[in-house]
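Note sheet for the following structure.
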Amino acid sequence: MFQNLIISNELSLYKFFKQLNFDLYLTKPQLEHLEGTMTAMILKGFNGKVSDIAELAFKRHRTSITRFLSKSNWDENLLINALKSKVIELIWNKSEKSQKPIYLIIDDTISEKTKPSSKAINPIEKCYFHNSHLKRKTVYGHQLVVALLSCDGLVLPYSIEIYDKSNMSKIDTATKLIKSMPKPVNKGYILCDSWYSCKAIFKASALAGYAYIGALKTNRVIYPKGHERLGIKLHKFATSLNKDSFDLVKVKGKHYYIYNY
Numbered sequence: 002m003f004q005n006l007i008i009s010n011e012l013s014l015y016k017f018f019k020q021l022n023f024d025l026y027l028t029k030p031q032l033e034h035l036e037g038t039m040t041a042m043i044l045k046g047f048n049g050k051v052s053d054i055a056e057l058a059f060k061r062h063r064t065s066i067t068r069f070l071s072k073s074n075w076d077e078n079l080l081i082n083a084l085k086s087k088v089i090e091l092i093w094n095k096s097e098k099s100q101k102p103i104y105l106i107i108d109d110t111i112s113e114k115t116k117p118s119s120k121a122i123n124p125i126e127k128c129y130f131h132n133s134h135l136k137r138k139t140v141y142g143h144q145l146v147v148a149l150l151s152c153d154g155l156v157l158p159y160s161i162e163i164y165d166k167s168n169m170s171k172i173d174t175a176t177k178l179i180k181s182m183p184k185p186v187n188k189g190y191i192l193c194d195s196w197y198s199c200k201a202i203f204k205a206s207a208l209a210g211y212a213y214i215g216a217l218k219t220n221r222v223i224y225p226k227g228h229e230r231l232g233i234k235l236h237k238f239a240t241s242l243n244k245d246s247f248d249l250v251k252v253k254g255k256h257y258y259i260y261n262y
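Under my numbering, the first residue of the sequence shown carries the number 2, and numbering increases by one thereafter.
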């Protein structure tokens, strides 16, 4: 096998697959093919091109790899769920031993693709035009909603889902992820940017047993004391505050002003 020729401990990846019970879901040839594909991805530095895998996958043509990934008779959801269960096991064990909190970090990114010709018969599935904050323009590609689990320095990928705007919003995707989490052993926190800070995420976090930490857009409506019925936009509420409205706290040698309501 290809991986036996270049990896000193050639059984380590296979043992990991066995721990995930992948041998229950895949035939032996499929398991070997997956092992070779992943090894090539790790060695090459995968950037999304199947041709990169083919360069290092011994005696495997690019079309064979594409066919295996897109048309092979195996249920990828079974493998994904097995991997998620293993990640949760590792993170929860880490939290139990270290007594440190668990963090679920949710964000999205864009995997940019070449814009297809207007005459293309089969455009790339689930590719759309998205606003790229990084490039400050609209780009074509897959938008991915990514979730990481972290505890005491251990950070592991938990979920990578393609955002399909015709099926489910990013807020709904994030809410589904949060609801799938078991309750934390100690404390748990959901970390997101301002895009995800909304009532649905706050509620899902609280019901799952997690506190929410995230940025908040200044046009969001909040309901502090005196504005319980109609609420008030954050930027307007900020003008009513002064320095005495805040509490000064010190965290790891740095001082912060915080406001509780």
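Even glycine gets a Cβ: it sits at the ideal position worked out from N, Cα and C.
By the neighbour-count criterion, in which a residue is buried when 16 or more other Cβ atoms sit within 10 angstroms of its Cβ, Lys95 is buried. Among the bridge pairs identified by DSSP, Ile107 is matched with Ala148. The straight-line gap separating the alpha-carbon atoms of His143 and Cys193 is approximately 20 Å. The closest CA to that of Ser246, considering only Pro225, Ile161, Lys255 and Glu229, is found on Pro225. The residues Ser195, Ser198 and Leu235, in chain order, have a CB closer than 7 Å to that of Leu217 in the same chain once the five nearest residues on each side in sequence are set aside.
The region 138-156 makes contact with the region 100-119; the number of CB pairs closer than 8 Å reaches 3 or more.
Look at Ser206 here: in three-state DSSP terms it is helix. Around the beta-carbon of Gly37, 16 or more other beta-carbon atoms lie within 10 Å, marking it buried. In terms of Cα proximity to Asn74, the closest of Asp108, Leu35, Lys85 and Leu27 is Leu27. Judged by their CB atoms, Ser206 and Ile172 are not nearer to each other than the 7 Å cut-off. Taking a C-beta distance under 7 Å as the contact criterion, Ala148 and Ser160 qualify as a contact pair.
Within the same chain, and ignoring the five residues on either side of Cys128 in sequence, the residues whose Cβ sits closer than 7 Å to its Cβ are Lys114, Tyr141, Gly142 and His143. Bridge partners of Asp248 according to DSSP: Ile259.
Around Glu97, the same chain offers Val186 as residues with beta carbons nearer than 6 Å, after the five sequence neighbours per side are excluded. Per DSSP, reduced to three states, the secondary structure at Val186 is coil, with no helix or strand assignment.
Here the alpha carbons of Asp24 and Pro102 stand approximately 33 Å from one another. The Cβ atoms of Val222 and Gly232 lie closer than 7 Å to each other. Excluding its 5 nearest sequence neighbours in each direction, Thr219 has C-beta neighbours in its own chain below 6 Å: Leu235 and His236, listed in chain order. Annotated as proximal: Leu150 and Val88, with beta-carbon spacing under 7 Å.
Around the beta carbon of Ile191, 16 or more other beta carbons sit within 10 angstroms, so the residue counts as buried. According to the DSSP secondary-structure assignment, Ile172 is paired through a beta bridge with no residue. At a Cβ-Cβ threshold of 7 Å, Ala209 and Met182 count as neighbours. Take Ser99, set aside five residues on each side of it, and the residues of its chain with a beta-carbon closer than 6 Å to its own are Asp153, in chain order. In the DSSP assignment, Phe130 falls outside any alpha helix (DSSP H) and lies within the beta strand (DSSP E) extending over Tyr129 to Ser133.
Excluding five sequence positions before and after His256, the CB atoms of its chain that fall closer than 8 Å to its own CB belong to Leu249 and Val250, given in chain order.
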